Each structure stands twice: as structure tokens, then as C-alpha cells.
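No gaps in the numbering here: position 103 of the sequence shown is 103 in the UniProt record's numbering, and each next residue is one more.
Glycine included, each C-beta is placed from N, C-alpha and C at the ideal position.
If you're wondering where the values come from, they're calculated on a predicted model, not measured in any experiment.
To start, the structure under review is shown below, and the notes come after it.
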Amino acid sequence: MASLASMKMLGGAFLAASAILQGVSATPTPQAADVVTPTAISVSDTVEGINITSPYTNDDVNDLNTRAAKFWLRVMPLGASITQGIQSSDGNGYRKHIRDQLRFAGWNVNMVGSKQDGTMSDRDNEGHPGWVISQVTGAAKSSAGMRPNLVLINAGTNDCLQNIDTGNAGKRMQDMINLLLEQIPETTILLSTILPSATRQSCVDDVNKQLKALKNESKRVYIAEMQLTINDISSDGTHPTDAGYKKMASAWWAAFQRAQGVIKAPSNNIDDEKETKGTAGGAKSCAKSNSVAGRGPVQTQLEGTGADDGNYRHRSTPGITFTVPSSQSIQYQFAQIVNLGNADRGAETDELVKIEKQRDGSNKYSYYLNTGGKYDTSTKDFSLPFKCAGNVVHLWGDLNNDGLDDLWCIGAQGQASVALNRGGNPPTFESIGEVMASPGSYGPGDVLVADIDGDGRADYCIQENNGDIRCWRNGGSSDKLSFWQGFARADGGGDVVFPGKGKPNKNMVRMGDLSGNFRSDWMYIGDQGQIESWINQRGWGTGIVPDWVSAGQTHGGIGRGSEIQLGRVYGSGRLDYIWMKPTGDKIEVTVFQNLGEGGTRRKGDGTFYCDMMGSGSDDYVWIWSPGDKAELYINTHSPPNWKEDTKTLFNIGRNRRSIHLADWDGDGKCDVLSQRKSDGALEWWRNGYDKATGRFAFEYQGFVAGSDKCSQGWGVSIFDRGLRLADIDGDGRADYLCLEKDGRTTGLLNTKTGLVDVGQIKFSEGWDRANIRFADVEGSGRADMVWVDKYTGQGTVMKNKGRIQAGASSFTWENRGVLYPSVGERGANMNFANLGGKGRADFVQVLPVSNKAYTWFNECPASGGGGDDGPIVDPKLPAYAGSKRSTSRGMRGSSE
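The structure is reproduced here in C-alpha cells:
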């Protein structure tokens, strides 16, 4: 055991390099019912019975004693059901015991987490029943934005109970620890051994051996060795009794005492005082807490409202027939390389591209122009800026979301180089070089280019021999590709997005948009040309892996499978079925026009929230896709029940993508507005709700914002809208905001005397606009900007500080960081609405398939966001084995 003289100063405190300091305690002197001030540590004490003398001065020692007065402990209990506190009589488990001990020792404490369990005031935690280590790691990643500076991990029991690769439990735990230290460099981790088991004790022993081998105090990771026996476990054989949970708190406390010298202050932008004690300004004035999503989840919407368009149902009719030359040196492909007439997104038509191998090994490129459901009989040549020849594959896909297909040249090891299509007739191409290196032992025939997440940008995919499709997401937000991402999480890649279906020939797999929802579907072409299809839909949970819905056999088939191609011939947004039948030196091309329907909309797509009656709370409005009907559900503040008021609130006959609900005239009631996609011209239907009769009437007011105000329109994602209406100046009227693809925002203030152009409102943060929302987070009356992480749903808030007279932007914004932590749901399913009537944006999860909704209410409780449960007293933790009970009140209970 090293002496105290060998200890080093670290940030004004000290850390034993390899020894465990025992018996050192801070003695608090109660000043009031809820205030404790620690006094000095003795400069002479005992380490494992050996009398030692500290080389430090009283100032050094007092510095350690007063750390509790310098900063807060943001404590995240992280794990599964034991962390939640199952089987404890009060539902608090160990959490209240350890919090009380920390408070008794003089520390200010704010427990953080996305869940709230038990009877204690400060009951936030990350305890997820049934979760194994890998799932808890996901919770750790999602909750990293809460910036805990102390994490208590107890995980691994379910790995044993479920017999999940227990031999590598330690490796999975190391991955979790590495993630936490990377995401939260200032954090300290107390890692618990797992508890005795009535049925899996040999596994417990093995996993604990692995966990203890991970101890690395140089990285601020400390083992909390639980000293429970089977007698401390309840009758279910897994969870502790009340006495067992109190023993757990003793183990945490013993580990904390070893670690306290290196614990760092939490992030500077976090006000734990306000989070735990609130403010005196009333229900709207407190700062939004980032330690919890809010009170919840509360189910606020039942299944049954809304409608979808059902599963995809295919039907077709014979279309055009024409012939083209046939030769072994000629390859034909369908791709939109010329946007004739600037066809809108979803109305693109494919040219028939001809690639002809020349004697010198080069390729000659030409195309038959699609002139609206038919093809020119002559070809036009085009050239490429690089050589794409030899043992390669030509693929087409829109890399940069401009509506034109770019050429992907796939090399012998699967690497991809891209020539961007810059438009024209014939088109010109710009080489941007290699965009994807070889992902491993794959050939060019294993590569697919497909838009998996429906954002208008082609992703890079490979197909395994078992049929699994693995993909890297195209994360670009500008003209050229900038990075690749995963689908399970942002920092991944090569995730399985579609599980193989056991088909015999992977070369007959095709990916493209069959249903017309801008997402690439999976199709398998059989020997007789028949096709089995799975439709790609928006899913739920963390990550952005799609929900795949089987459409069965969609095409009966004709000819041979090798003769079938798919292309957008008629501009319906859906792939048509094309038979390329060889006939001597010709190929007879027969197109079957896709007249299918369904598979494009989910129930959650039509959910809108806005205050339709001037009640001060948002109501729920479900709008049908054609805009010909809207259903109103009045907020009665009795979740999950709403008052179903009318099935036809309004009928404006405008595409749902164009519709906005916002208070345009400042009378407290939301009006209906519709933008013209091409130029942003805005129509207004005034809400004439009569409170006395309870009747609605929407009177057409004409165009209130003229053309050329915002040409951003909307993209292919249902959330990618270039025009937003939100009150950013706090006058009660919705203002006109125009968002570019990277989030740069310009706009017009809607004042009593007319629209005022204020130019740039917010410069770009590099955030894709599909994930930007505007909502009043703290009841200021002004809408803030919220960027929602598409993978985790957590929301980063740019607080609106109001208008300024001079500056690059006409408004100032303060980056408050992540104020809406992850609740285990992807961003596309998260909404911001004032359902609680506090004037603050609540966090609302709407499940896309069922339209069920759950809400985390953004409130300022009278007691703040947590706090103590009465006066601070000694919790009298049981003695920890091998330690001496301290006589100092602040360490009363166990100490090492």
C-alpha cells in the first residue's frame, strides 16, 4: 500500500495512484435544515491500520473538504431494473440512500436521467428493466447530453439471466465505459459488480471477475464491489430486499470516497440550482432542465385516430413498346440524367442510358431522352470526367439531393467514385473522386445504391451472401458528400438495414422506390420475372433503421428474370416494370405502367398540434393528405382522452405538405395557412371560432405573403419543409421563416402594419432543416430553434434572445445545448407542443403506425426539478466490510 506522501495533486485535490485511502472523512456542520458545510479533514489518519502523516498543508486539505461547496454532483444511476429499484418497498432502490449520504456529507446533488421512478423527490434515473449491457450502452449514449459528472453503473445481471454471450460481458462493459468517457470527458464512473443470483451464480462470479479486471482509476473508473449475500436478495431471486438496497448504497459510498478527489465539476452551461430548486418567477419562468425530458411519459393519445393508406397494392397496365439495338457490348440502364421541364420531386422520369464497350476498353455513353412517357428514337451522347471501365459496375443514384441521378463507378473491391450530374441536355458531369473506400472483401456486384432513409440522398449499401443488406448513410447536407453515418447510430456504419430473405440469387435483388414514398423498397425478381416486394416505411425506436412491410408478390412476371428492369417511365414517383426482350439484333422494350397505391403514408404523418380555440393549450388536429378534411380533438387536460369535436374542421383542398397551423392575426387562435411550393406565396384562412356557440368557421383571406418570398419549397422527407411559421418576436403573431437546406434562416416579421423583411434571422449551424423545429421552450413568448437528433430524438436548443438592430443576423441566439434528452425514440417521431398549457413546449412522442402519443411535460414544479426529501439527516448506512465506522458525522455510516 502506497503512503499518503506518494499522492499527487490533481486539480486542487489528490488521488492515490494505486492505493485506496481509507478513513478520511469530512465533517459537516449543519447550518440550517437543508444546508451542510463540511469541515476540515484530519491531516493524520489511518490507512489499513497504518498510521501516516499527510505532507499537505491545512490549506490543501481544506480544499478537498470544500469541493462540495464548489460544484454540484450530477449523478446518473445507469442500469436495468435494480437501478430502477424494483422490489424495494418505496421504488427508490438504492438511489435515495446514496443521495442522502452524499447530501449528509455536504455535497449538492442533482440526480439525472430520462426516467422517474420511486417516491423520492429527485427520482431521475436511467434504470431500464430487462435491459442487457448493450442496451444500457444505448441509454448511456442517448443520455450523455445530460452531462453527469458521476455515473453509477450496475448492469450485467440480465446478460446472465438471458445467457447472452456472458464470456464477453466485460468487453461490452468496456465499450460502455469508453463511450461515456468519450462523450462526457469530465465524468467519473463507479462500476458496480453484479449481485448474487439464486439461479445463475456461476455466471455472476465469471462476469464479476471480468468487471473487476476493467478497473482503471487513471481514467476515473472505480469499482464498487457489492457485498450482498443471497440473503439480501428478494424472493424473485434477482432483486435486493430493502436491506439489500441499503447495502448497495454502502458499496457506492465506499467507492465514491476513493473517487471524490478526482470528480470534476459539471459543464458550465448547466444550472443545477435552478433544476433542483426552481425559480420564484412562476410556472413559466424556470430554465428548461436538461437532466430529464420532463414529467412523463404520460400517454396523451390513444390508438385509433388518424389514417394511413394501407399496405402497398400493386396493379399495372401495358404501356409503350419500342425497340433498341442489341449487342453483347451494349448495356442498358434507366436513370434520370435529364430533368426535362424541371419536373418536380416525385415526378422524375428516367432516360434509357446506353453504355457501349469500345474496342480499346473504353465506354461510349449515350441516352434515349424521356419526353413524358415516351422516348426519342435517336440517342444523344454524353461524356464522363473519368474513366469508368474494366472490371467495374455502373450504378445511378442522387448523391446530393438535387433530383438528378449521378453516376457511381464501383471498383473491383467495392470502392465508389462519383461523377455529379450538373444538368443540361445532354448532361455534364463533375468528378468528385472516390467517395467510399472498399468496405472489405466485396466485389462490385455486391454494391447497391439506394435511398434508405428517404432524405433524397443515395446511400451506399452492400449485400451479404445471406441476403442481408448493410448500408452507410449519406450524411451530406450540402452539394457534395461530406461524411457517412450508420443507421443504428450516427457514429456507426455498415448496419443491417434489411435482413436477408433466403433467396437463392442475390444478383436478382433490386432496391428502388416502388410505392412512391421516396424510400427505396426491396424487390426480388424471380426466374419467370415475378417480383416479391417489401416496402420501406418510417419506423420507431432509436436509430433510423426502417420498418419493412411485406407486400407479397407484387408482379406476376413475364419473360425471364434476367430480362426485367425497373425504371420511372411515367413520372408517377413509382417504379414501372420493364421487359427487355431480346429479338435477334434488337431488344423489344415493353413498359408496364405502375398504377399501384398504398404504402406511402403512416397515421402519425397527419398529426398537428395548435391552439384552435384560444384556450392557452394546444389541441390535436389530424389532417388528411389531400388537405380535404381535418379532424379536431379538443385538449381537455385529461390524458389520454380528448374531446372529439368535429370530423371536418376545415377543407381547403391543399396538399398536406403545404399546410401550416399558426396564429397569423394575433387573436390567440390558430389559423390555417398554405404555402405555394414554387415561390412561398402564402394563403390564409382566418379562424373565426365563436366561443359562445362553439362553432368554427374559416374565412378565406387570400394571399398574405406574395411570390418570391421563399423558393425553398419542401424536400422529399415529410418534415423537410423550407417554410416555417413561428412567432420569433413575441408579438403573438406567427412570423414567416424561410429555411435553406443547411438550416440558414431568413424571414419576414408579421407585424400589425404588415410584413417586415429582417433578412438573415439565423446563420447555419450545419443542421439539416428536416430536423429543425421552432417552439417556445421556456415560456418567453418567442419561439426558439430546436434541432432534433434524428437517431436519438434529443433536442438541442438555440434560445431566442430577441431582435437586434445590427449584426450578421437580425436576432441573437444562445446555444443552451441538449435540453430535451433522449427518450428512446428517433427524431422524426418527436414533436413539440404546448399540451400542458404552461406556454412551454412539451416533448411529444407520436408513434407512426398506431398514432399513440406519449408526452414529457415541460414544467416548473413548485419544488423545482427535484431536491431533498426534508431535512438532511444521516441515512445510517450499514458498515462496509473491511472498513471502520467513522466518528465524523459527515461520513457516518460506512467508510473505507
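Original post:
Between G91 and the rest of its own chain, which residues show a CB-CB distance below 7 Å, the 5 nearest in sequence each way excluded?
Top reply: Cβ neighbours of G91 beyond the five flanking positions: G85, D117, G118, T119.
Subject >> Which listed residue (A551, F334, W622) has its alpha carbon closest to that of R656 >> reply: Ranked by how close their Cα comes to the Cα of R656, the residues A551, F334, W622 have W622 in first place.
**OP:** Please go through the same chain and pick out, in chain order, the residues whose beta-carbon is closer than 7 Å to the beta-carbon of G310, but skip the five residues on each side of it.
**Re:** Sequence-distant partners of G310 (beyond 5 residues in either direction) whose C-beta falls short of 7 Å from its own C-beta, in its chain, are G598.
**OP:** Compare the C-alpha of M798 against each of N517, F774, D605 and name the closest.
**Re:** Ranking the options by Cα distance to M798, first place goes to F774.
Original post:
For E273, which three-state DSSP category applies?
Top reply: DSSP places E273 in helix when its eight states are reduced to three.
Subject >> N-terminal and C-terminal residue of the alpha helix (DSSP H) that F104 is part of >> reply: Where F104 is concerned, the enclosing alpha helix (DSSP H) stretches over 95-104.
Original post:
Is it true that the CB of I772 sits closer than 7 Å to the CB of G802?
Top reply: No; because the gap between Cβ atoms is not below 7 Å, this pair is not in contact.
**OP:** Report buried or exposed for K212, applying the criterion of at least 16 other Cβ atoms within 10 angstroms of its Cβ.
**Re:** K212 is exposed by the Cβ-count criterion.
Original post:
Do you know how far the Cα of A169 is from the Cα of residue 903?
Top reply: Shown here, the chain extends from 1 to 896; a query on residue 903 therefore has no answer.
Original post:
Distance, Cα to Cα, L819 vs P297?
Top reply: If you take the alpha carbons of L819 and P297, they lie about 16 Å apart.
Subject >> For P444, three-class secondary structure by DSSP >> reply: Here P444 sits in helix by DSSP.
Original post:
Can you list, in chain order, the residues of its chain whose CB lies under 8 Å from that of T554, leaving out five sequence neighbours each side?
Top reply: Within the same chain, Y312, H314, L514, M523, I531, E532, S533, G596 come within 8 Å of T554 by CB-CB distance, once the 5 residues on both sides are set aside.
Original post:
Contact check, L877 vs W253 under 8 Å by CB: the rounded distance?
Top reply: Under the criterion of beta carbons closer than 8 Å, L877 and W253 qualify as touching, at roughly 6 Å.
Subject >> Proximity of N108 and R74 at Cβ, strictly below 7 Å >> reply: The answer is no: Cβ separation not under 7 Å.
Original post:
Can you give, in chain order, each stretch of the beta strand (DSSP E) that sits fully within the region 715-783 and has at least 3 residues?
Top reply: Every beta strand (DSSP E) of 3 residues or more that sits fully in the region 715-783 is shown, in chain order, as 723-726, 735-739, 745-751, 754-762, 772-775.
Subject >> Exposed unless 16 or more other CB atoms sit within 10 angstroms - verdict on D394 >> reply: Per the sequence shown, the amino acid found at residue 394 is His instead of Asp. A buried status is given to H394, since no fewer than 16 other beta-carbon atoms sit within 10 Å of its beta-carbon.
Original post:
For I544, does the three-state DSSP call read helix, strand or coil?
Top reply: Coil.
Original post:
Since L228 and P185 are thought to touch, with beta carbons under 8 Å apart, how far apart are those beta carbons, to the nearest angstrom?
Top reply: Actually they do not touch by this definition, with Cβ atoms about 32 Å apart.
Subject >> According to DSSP, residues forming a beta bridge with I452 >> reply: Partner(s): none; I452 has no beta bridge.
Original post:
Do D124 and V132 have their C-beta atoms within less than 7 Å of each other?
Top reply: Pairing D124 with V132 gives a Cβ-Cβ distance that is not under 7 Å.
Original post:
Hey, how far is the Cα of R889 from the Cα of R103?
Top reply: The predicted position of R889 is uncertain, since its pLDDT is 30 and thus under 50; a value taken from the coordinates is nonetheless stated next. Distance between the alpha carbons of R889 and R103: 12 Å.
Original post:
Roughly how many angstroms separate the alpha carbons of T746 and D175, rounded to a whole number?
Top reply: Using only the alpha carbons, I get a separation of about 43 Å.
Original post:
Excluding the five sequence neighbours on either side, which residues of its own chain have a C-beta within less than 7 Å of the C-beta of S88, listed in chain order?
Top reply: Excluding positions up to five away in sequence, the list reads D242, Y245.
**OP:** List in chain order: all unbroken beta strand (DSSP E) runs of 3+ residues lying wholly within the region 584-633.
**Re:** Counting whole runs of 3 or more residues, the region 584-633 contains the beta strand (DSSP E) stretches 586-594, 607-610, 619-623.
**OP:** Within its chain, find whatever has a CB closer than 6 Å to the CB of R67; leave out the 5 residues flanking it on each side and keep chain order.
**Re:** Any reading at R67 needs caution, since the residue's pLDDT is 48, under 50, leaving its predicted position unreliable; the model's value is listed next. Nothing listed; no residue qualifies.
Subject >> Residues of its chain near K586, where Cβ-Cβ distance is below 6 Å and the 5 sequence neighbours each way are ignored >> reply: Excluding sequence neighbours, K586 sits near T323, S326.
**OP:** Use the C-beta contact count for A881: other C-beta atoms within 10 angstroms, 16 or more gives buried, fewer gives exposed.
**Re:** By the 10 Å Cβ count, A881 comes out exposed.
Original post:
Between which two residues does the alpha helix (DSSP H) containing E182 stretch?
Top reply: Its alpha helix (DSSP H) spans residues 169-183.
**OP:** Measure the Cβ-Cβ separation of I558 and G529 and say whether it is below 7 Å.
**Re:** At the C-beta level, I558 and G529 come within 7 Å of one another.
Original post:
Rounded C-beta distance between R560 and D521? I'm assuming under 8 Å.
Top reply: Not a contact, Cβ separation roughly 22 Å.
Subject >> Contacting residues, own chain, Cβ-Cβ under 6 Å from Q301 (five flanking each side not counted) >> reply: Excluding positions up to five away in sequence, the list reads P640, K852, A853.
Original post:
How far does the beta strand (DSSP E) with V672 in it reach, from first residue to last?
Top reply: Looking at the DSSP string, the run of the beta strand (DSSP E) that includes V672 is 671-675.
Original post:
Do you know whose CA, among Q565, A412, P848, R457, lies nearest Y442's CA?
Top reply: Comparing Cα-Cα distances from Y442 to each of Q565, A412, P848, R457, the minimum goes to A412.
**OP:** Under 7 Å Cβ to Cβ from Q358, same chain only, skipping five residues before and after it: list those, please.
**Re:** Correct list, in chain order: K364.
Original post:
Three or more beta-carbon pairs under 8 Å between the region 661-678 and the region 598-615, yes or no?
Top reply: Yes: the two stretches touch, three or more of their Cβ pairs being nearer than 8 Å.
Subject >> Whole alpha helix (DSSP H) elements within the region 83-162, 4-residue minimum >> reply: Qualifying alpha helix (DSSP H) stretches, in chain order: 95-104, 133-142, 157-161.
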